[in-house]
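Worksheet: one structure, shown below.
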Amino acid sequence: MQLQRGDEHYLTADGQLRTPLALIFVLGLFLRGYLAWIISLTFSEDRSRLLQFFYSNTEQFVLTLSVGLPALAVVVMLTQVKAEMPAWVPKFARIAPALLWLSWLADGVLIGSLVIANWPHFAFVKAFIIFAWLIALWLLLYSRHLKRFFELVAASD
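Residue numbering for the sequence shown follows the numbering used here, starting at 236 and increasing by one per position.
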């Protein structure tokens, strides 16, 4: 890994790569179906009650889980980013941004279909998700930290 001037911001005190907050935000957005599913498992009486609050039918929930699959693959890669990385991690880091873009596009189609299905009713939750989706667009396009993180991981072979 060839460090450049300013790369100390991307490292922890012990020299490990620090996961950018932008990446955590983007992954949280794309993995919201998995997060809701995990939280719903804590309800002992009725595990589907929380999911019914966010998703009006099972198909929406399954589509949200499928949108998160590429992001879930990036999370698996992040668990392996350490001093001694497996050989597949730097190779996977080269395609990880493309996987995040794939999740972003699929999430946009899903959000668009949800808005169209409930038109003209306004919902703050959907407005918040649209706003977060637009922030994810901005982060994927312009975040220097995110781009440099993937460059550093990819250069670790």
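The beta-carbon is built from N, C-alpha and C at its ideal position, and this holds for glycine as well.
- Secondary structure note for residue 377: its alpha helix (DSSP H) is the uninterrupted segment 359-377.
- Residue 377 is classed as exposed because its beta carbon has fewer than 16 other beta carbons within 10 Å across all chains shown.
- Judged by DSSP in its simplified three-state form, residue 381 adopts helix.
- Under the DSSP assignment, residue 317 falls outside any alpha helix (DSSP H); it carries neither an H nor an E label.
- Separation of residue 294 and residue 312 (C-alpha to C-alpha, rounded to the nearest whole angstrom) is 28 Å.
- Scanning the stretch 289-344 for uninterrupted alpha helix (DSSP H) segments of 4 residues or longer gives 293-302, 304-314, listed from N- to C-terminal end.
- Residue 299 and residue 253 do not touch by the CB rule: their CB atoms are close to 29 Å apart, not below 8 Å.
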